[in-house]
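Residue numbers (this note's numbering), protein chains in the order written: chain A, 1 to 506; chain B, 1001 to 1308; chain C, 2001 to 2284. Ideal placement from N, C-alpha and C gives every residue a C-beta, glycine not left out. Inspection log for the structure reproduced underneath, given as structure tokens.
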């Protein structure tokens, strides 16, 4: 670490000197690149933070009083969703300093931690933030080989959300029942994906939001490649492809072979393509995460699944459906594909396999922190992730979702805090969160290394099917082949299977 | 107007000996910089294309030479051929459109006297705007499917809204429209310069000889503006083969892989995915295609014009 | 139809064509200007076209940019300014010196080949460079620094400058330089005191063109910079890809701020720029 620090400082000097020389040469009036930084040691300690623009702004607003009180300075780098992950991965791979503290997707933990880019979290810090209180599913996303390398910030999971008010409308329900033979339930929404499909079809093409136009649809999902398609598709597929008797989902734990083209995944994709092409708003096969939220909050679709459906629906400036949404865990399925036997198994009670989509943003400390900033940086992350701060974040419109036992109990704060969810919604929300995070058949997101590459391969294939470029089977055959090739490159199928087992806590 | 590059007579300076030092001091920095920043990447990429070099590999792995494996993979890779096809389609779409618009507008511009400078200045504008902004403004906002103005106007005339960004075909059309919007100006200005080099009396003479407007245009104007047109076309063709920025911002290569260009694929596999080896082999493929195409183009146009 | 009438018809058609194309070029710019004055509500229900008629313009996007988030925007803006100016200046000094040398000295009769060699750089796809640069600048420890961008942009601009300036210097009379040298001036003095001032129009053109090139460049910046050294185009795409709600009005304001300086400079120097753009091609 020592040498990295000095190298970085050296480079700053070189860069600054070269910049200054170049400037002197052309006598441009502006200040040179690195000037003023040589004198840094006598000035305020600067804490450099890299995160998403929106979420980072919240962190900045929350942390500024603390930062100023301690006489530090905060410099915040703001990134888009896609760029943040790319830049973290590239800076890690190229051993380049990005920031002291960064928000990063826990999917990338194997890559980032193995490259030696993070500092292990000191015991004092873990104690100071009451780490025992963090849900086990979340702890898993923070650690590697039994050591803790990151701090919790956000218990991101996908929630299924639906228009409770419409489902409770007797007139609508009786017409629905005439067509599909079962009742719409305002308490649970769709319990299986078959029900979800019926609801999609039913709510498409007539004016249930009474705006005078038939621009109303069944559902909107995140379907855009390079955005959040990975989670949109996997959340749709887990119920078919994750068997309760089999721990594995993405690749086989014995052979390391990709499972992405098995009948479970193919069924999910075939149905999803149909839903998104027919029962989603125009452009629905190319929606960003934000587009799908906008469609839901704008009252144009009857159901969706998302990370922030709950919190964003409360904002009056963007949402017309405050208090009208119900929440549940992702729908399940009566039929689940069993990869071991190669057969579909039938379950009388629908089998759910809620996807720990993303597993959340986590806060990590770079191995390249300047020694002078050491105290400031650890103080910063402690203050940011301790229980009181965590509660303040998850009960406000920050994009962060609950991740602690204590937060699951804090119905009162969710109901009457800044989010103003109200008792009923708060209960729904926390129940769905707890049920997903505690579910015995929950699916852990991919985190066994090479995540960016696997993700790109899957998004490429799935988006080809969504755009009708390839039939679902062919598209997923390509994905599976690409998965195997990436595994081969990352150290072999067996090697990846071992890492996968490790991320599953085996 | 020369059809061949002019061979300049070397200017003999009387001060050659005293100047010998300056002669090198002036030239060497430029040559050195270009050599280093051209040769190193070209050679390194060639090396990388024959290895299994990777940016993100976990653990200790030695870089191996893999021979032609990357190129074999390239030739059998359906995704890569898709991007190659997209790139060619894009080029074939934008370059003729720019030529037609460029010629039409340049002829109109050459035909008027009042306001010519004003139009010329205005037509320069798109060339100054960054491709990122262009694809953001033109693409993201105007082609927005739901409430973008283009679909809104179409609908108000009773047409269906066009799925600009979700249909593979229309997404390509939208990208082409952006490129045409931005780069037609280049053609206009080049062709205007060429047209202004045509002596008006030649035209008049042809008219006096009984040729009509169109015949005079074909016999006199076209041959005279041909050399510049050919150069401008080559520049645009090469640029179109390298297209990447507008795609990144507008469609990210989607829907599916319908608009992914070769350069975007190289960025995606090489920089983002970290597969430097496969990325390098694709970059070399593009380089070789450009070399062959550019060379053939130059030889063929020279020969064709030589016959004229 | 008489000749004069024919001519009138032709002129009218010409103006129609020019007007139409001007409108095509104008509309997107108009759209971005009005969008920067729109509120969220003006964009969520239907398209709105005319300020004050179908929507009430507001300054909130501009306030956001210049009051609320000025510092956040200033860093990438200054990076772009520094990188563009320094790299263009370096390229101008080095490139025009070489252009001058190739115009005035004889390199064994190979002057044309040397110039062609410079220009061959244009044939190489940028994609070929980004992979190598990523690794090269990693080894040098220069990733995410302005220096890396300055190096790359300078080297990118030099061939074009050599090409154009060589022709420009060729066109200048050699006699003034010779008499100055008889009076005892050396080459360096001749270049900077006599040749460069005479070639000022050409220098302005190539300088502004390299400036614009560096200002607008995206792919290399995307590959080589991470946080500290990001430039305006990169900053903009990061805002665009920000998931959640695309803030069109804020993006439009940022776009305008990034576009106006270069477009204004380019259009003000139209004569030189058009000259620089078409110069090489006219030669052959």
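If you draw a straight line from the alpha carbon of residue 1143 of chain B to that of residue 1117 of chain B, how long is it in whole angstroms?
Between residue 1143 of chain B and residue 1117 of chain B, the C-alpha separation is close to 31 Å.
Since residue 46 of chain A is in the beta strand (DSSP E), which residue starts that stretch and which ends it?
46 to 52
Please work out which residues of its chain come closer than 6 Å, Cβ to Cβ, to residue 1277 of chain B, disregarding the five sequence neighbours upstream and downstream, and give them in chain order.
Cβ within range, chain order: 1048, 1051, 1052, 1053, 1070.
Given this structure, state the Cα-to-Cα distance separating residue 1137 of chain B from residue 1196 of chain B, to the nearest angstrom.
Rounded to the nearest angstrom, the two C-alpha atoms are 34 Å apart.
Show which residues of chain C have a CB atom less than 8 Å away from the CB atom of residue 87 of chain A.
Simply 2226, 2227.
Closest residue to residue 1099 of chain B among B:1165, B:1188, B:1158, B:1168 (Cα-Cα distance)
B:1188
Measuring CB to CB, does residue 461 of chain A end up less than 7 Å from residue 479 of chain A?
Yes; because the gap between Cβ atoms is below 7 Å, this pair is in contact.
Closer than 9 Å by beta-carbon distance: list the chain C residues that pair up with residue 1136 of chain B, in chain order.
By Cβ distance, chain C contributes 2032, 2236, 2237, 2240, 2251, 2252, 2255.
Which residues in chain B sit within 8 Å of residue 2274 of chain C, going by Cβ to Cβ distance?
1120, 1124, 1189, 1193
Could you name each continuous alpha helix (DSSP H) segment of 4 residues or more that falls completely within the stretch 119 to 198 of chain A, going from the start of the chain to the end?
123 to 128, 136 to 142, 164 to 167, 170 to 180
Output, in chain order, the set of chain C residues within a Cβ distance shorter than 9 Å of residue 1079 of chain B.
None at all; the shortest Cβ gap to chain C is about 16 Å.
Contact set for residue 1024 of chain B: own chain, Cβ-Cβ below 7 Å, skip 5 residues either direction
none
Which whole runs of the alpha helix (DSSP H) in the stretch 2010 to 2091 of chain C are 4 residues long or more, in chain order?
Fully contained in the stretch 2010 to 2091 of chain C are the following alpha helix (DSSP H) runs of length 4 or more, in chain order: 2041 to 2044, 2060 to 2063.
Within-7 Å CB hit, residue 2244 of chain C to chain B:
Residue placement at residue 2244 of chain C cannot be trusted, given a pLDDT of 45 that sits under 50; the coordinates are not used to answer.
Can you name the residues that DSSP bridges to residue 361 of chain A?
A:105
Tell me residue 2192 of chain C's beta-bridge partners as DSSP assigns them.
Paired residues: none, contrary to the question.
With a Cβ-Cβ cutoff of 7 Å, do residue 1174 of chain B and residue 1164 of chain B count as a contact?
yes
Would you report the Cα separation of residue 2022 of chain C and residue 2137 of chain C, rounded to the nearest angstrom?
43 Å
Which complete beta strand (DSSP E) runs does the stretch 349 to 398 of chain A hold, if anything under 3 residues is left out?
361 to 365
In chain A, what lies closer than 7 Å to residue 1255 of chain B by C-beta?
Those within 7 Å of residue 1255 of chain B in chain A are 285, 286, 463, 466, 467.
What are the residues of the stretch 2067 to 2090 of chain C that lie near chain A, defined by any Cβ-Cβ distance shorter than 8 Å?
2072, 2078, 2081, 2082, 2085, 2086, 2089, 2090
Spatial neighbours of residue 484 of chain A within its chain, please: C-beta separation below 7 Å, excluding the five flanking residues on both sides.
Short of 7 Å from the beta carbon of residue 484 of chain A, and not among the five residues preceding or following it, lie these beta carbons of its own chain, in chain order: 257, 258, 493.
Hey, does residue 1026 of chain B have any beta-carbon neighbour from chain C nearer than 7 Å?
For residue 1026 of chain B, the answer is yes, since a Cβ of chain C falls inside 7 Å of its Cβ.
Drop a sphere of 10 angstroms on the beta-carbon of residue 2020 of chain C, count the other beta-carbons inside from all chains shown, and report buried for 16 or more, exposed for fewer.
Here residue 2020 of chain C is exposed: its Cβ has fewer than 16 other Cβ atoms, across all protein chains shown, within 10 Å.
Does DSSP put residue 100 of chain A in a helix, in a strand, or in coil?
coil
DSSP puts residue 551 of chain A in a beta bridge; with which residues?
Because residue 551 of chain A is not part of the residues shown, which for chain A are 1 to 506, the question remains open.
Output needed in chain order: residues of the stretch 1275 to 1288 of chain B with a Cβ under 8 Å from some Cβ in chain C.
1276, 1279, 1280, 1282, 1283, 1284, 1286, 1287
So, at 6 Å on beta carbons, what are the nonlocal neighbours of residue 450 of chain A in its own chain, with the 5 sequence-adjacent residues on each side left out?
486, 490
Starting from the C-beta of residue 1095 of chain B, find all residues in its chain whose C-beta is less than 8 Å away, skip the five residues before and the five after it, and write them out in chain order.
Closer than 8 Å at the Cβ level, and outside the excluded window around residue 1095 of chain B, lie 1233, 1236, 1237, 1240.
Nearest-angstrom Cα separation, counted from residue 222 of chain A out to residue 433 of chain A
20 Å
Which residues share a DSSP beta bridge with residue 258 of chain A?
A:251
Sorry if obvious, but does the Cβ on residue 1263 of chain B come closer than 6 Å to a heavy atom of the ligand NAD?
This structure lacks the ligand NAD; in fact it carries no ligand of any kind.
Taking Cβ to Cβ, would you say residue 2195 of chain C is nearer than 7 Å to residue 2272 of chain C?
Cβ atoms of residue 2195 of chain C and residue 2272 of chain C: not closer than 7 Å.
Boundaries of the alpha helix (DSSP H) in which residue 484 of chain A is found, first to last residue:
472 to 489
Judging by CA-CA distance, which residue of C:2117, C:2149, C:2010, C:2210 is the nearest neighbour of residue 2224 of chain C?
C:2149
Using a 10 Å radius around the Cβ and a threshold of 16 neighbouring Cβ atoms, would you call residue 2085 of chain C buried or exposed?
Residue 2085 of chain C is buried by the Cβ-count criterion.
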